[in-house]
Amino acid sequence: MDLIDKYVEYAKISTDSPELYHKVASYWIASTLLGRYASVQTSYTTIIPNVWAIIIGPSRVTRKTTAMYMAERIIREINKDMIFPASFSPEAIYEELSSVKDGEARAWVKDEIGGFFKALDKNYMRGTRELLSSLYSGRGETRVLRKERFVIPDRIYMTVIATMPTPPHNYFSDEDFTSGFANRFLLVQRLERDGRTIPIMGADSNASLIAREELIEQYKALIAKYRDKTLIINFDYGSTNILTEFEKRVDEEIIQLEKENPNSLFKSYISEMPTYLIKLAVLRKISDPAQEVLDNRITVVNKEHVSTALKDLQEFIESAKEVIKDVEEGVHSEPAVSEEKSLTRLYNIIEQGEENGRTKTEIMLKMQLGSKRVNELLVTLVEQGKIVMIRCDENRGRPSYKFLASTYGTRYNIERLGCKQVPPELVGVTL
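Start counting the sequence shown at 0; every next residue gets the next number (numbering that gives the first Met the number 0).
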């Protein structure tokens, strides 16, 4: 078992945050501690395995900040000097990075990064997207700010892990994706915890402490093994075939999206994923304590490393697809368009509930809107004939209400649920 899987196992017995959060955090840890010692030469560029990730979820529900800081703690206990200041202006970025030496690594850990994204279009943040995009690729920059000259050297190795509350459309803009900046991030979103119960004391907490100490010692051993080396990464025949096939599938999906939805934000996002597959596969290889380094520098990525990385990446991509869909359908434009987008998004949420429908509580959680606003939208959709409201009388207590897309609002389905339809003219009064 490599250290990426070991971290996930440690995290799962330590907190009930979603496993997907821990999985992306585990890649970020490996990337931060080990990635600077490796690079992949391709015919068109040099790929460094730095991971940028945003953990997305409802505030105080999914423990996204817990998952992020658990990962950060591993870095701090090994080398706290790698941690970049959480809040900064463009001037602070240049000042901090101009003192970093060529080849050194820095990790930016940012809770609630949504405000940062919302500020990117303000005058004082102008050029920040471009600067961070350059840093992602390991390119430096020289700039004069307030008569002071700052030089950021090439080959600074930077990783990022951050959190963002839902809904994503409150923070991301279309430009974040069309500019390519947001496409640098693995976007993982969950709306609820996994449901595991984590005790405060007892055997599991002791096991958690032991697992963390073992993990730290193993990372220290690998750092000592790779220090003062730049690993030469080769891919064997089987792994190369998987990489080629994945890139082909991505190209085909981009072509299909270009025909069906030329303005798709996901189209530009997925174009970055073949590069991310290479990054994750390399991290799988170099995080294995038992892996061999030939001639003191050469190491070979095999089919198993790429297959495992691809399985994880596909999970990340599916999550990112939901995030981007929210951004595309989200309300961040002029009022008339906002109303239309809100109604479309609400209808899609109800339709996804299929024959069982959605409760108002479920709708409010997914829409991230208040009760009054949700009521207005529900009444509008009922008046348009797109949804129906049903009343389900419980054996005890107050009745419950659900909403069904009209295609599922048949008499047969409503009776199957043991419910009755609320007449359209009474929906507003009932709500």
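The C-beta atom is built at its ideal place from N, Cα and C for all residues, glycine as well.
Residue range of the unbroken beta strand (DSSP E) whose run includes T360
Here T360 belongs to no beta strand (DSSP E); instead the alpha helix (DSSP H) covers 359-366.
So is P17 buried or exposed if we call it buried at 16+ other beta carbons inside 10 Å?
buried
As an exercise, report each continuous alpha helix (DSSP H) stretch of at least 4 residues that is fully enclosed by the stretch 48-134, in chain order.
63-78, 89-96, 113-118
Enclosing beta strand (DSSP E) for Q40 [first to last residue]:
37-40
Rounded to the nearest angstrom, what separates E259 and G329 at their Cα positions?
20 Å
What three-state label does DSSP hand T409 in the structure shown?
coil
Please state whether DSSP places T255 in a helix, a strand or coil.
First, the residue type needs correcting, since residue 255 is Gln and not Thr in the sequence shown. In this structure, Q255 counts as helix in the three-state DSSP scheme.
Does M0 pass the burial test, meaning 16 or more other C-beta atoms within 10 Å, or should it be called exposed?
exposed
For the stretch 263-279 against the stretch 321-328, do three or more pairs of beta-carbon atoms, one drawn from each stretch, fall closer than 8 Å, so that the two count as touching?
yes
Would you kindly work out how many angstroms separate the C-alpha atoms of E350 and L403, rounded to a whole number?
7 Å
Let's see if you can read the secondary structure: which residues bound the beta strand (DSSP E) around Y156?
156-164
Tell me which same chain residues have a C-beta within less than 8 Å of the C-beta of P398, skipping the five on either side of it?
R390, C391, D392
For the beta strand (DSSP E) containing Y400, list its first residue and its last residue.
399-404
Using only the alpha-carbon positions, how far apart do I47 and Y26 sit?
13 Å
Quick one: what does DSSP say I12 is sitting in, helix, strand or coil?
coil
On the DSSP letters alone, give me the boundaries of the alpha helix (DSSP H) that L380 sits inside.
370-382
Using a 10 Å radius around the Cβ and a threshold of 16 neighbouring Cβ atoms, would you call I254 buried or exposed?
exposed
Between the alpha carbons of L312 and L96, how many angstroms are there, rounded?
30 Å
I'd like to know whether the C-beta atoms of S38 and I232 end up nearer to each other than 8 Å.
yes
When you compare each of Y268, A66, K401 to R189 by their alpha carbons, which one comes out closest?
A66
What's the C-alpha gap between G417 and V426?
19 Å
For W51, collect the residues of the same chain with a Cβ closer than 6 Å to its Cβ; drop the 5 residues on either side in sequence, then sort them by chain order.
V159, R183, F184
Going by Cα to Cα distance, which pick from E191, Y225, I277 is closest to E246?
I277
Name the two residues that bound the continuous alpha helix (DSSP H) containing Q188.
Taken as a continuous stretch (DSSP letters only), Q188 belongs to no alpha helix (DSSP H), being part of the beta strand (DSSP E) at 184-188.
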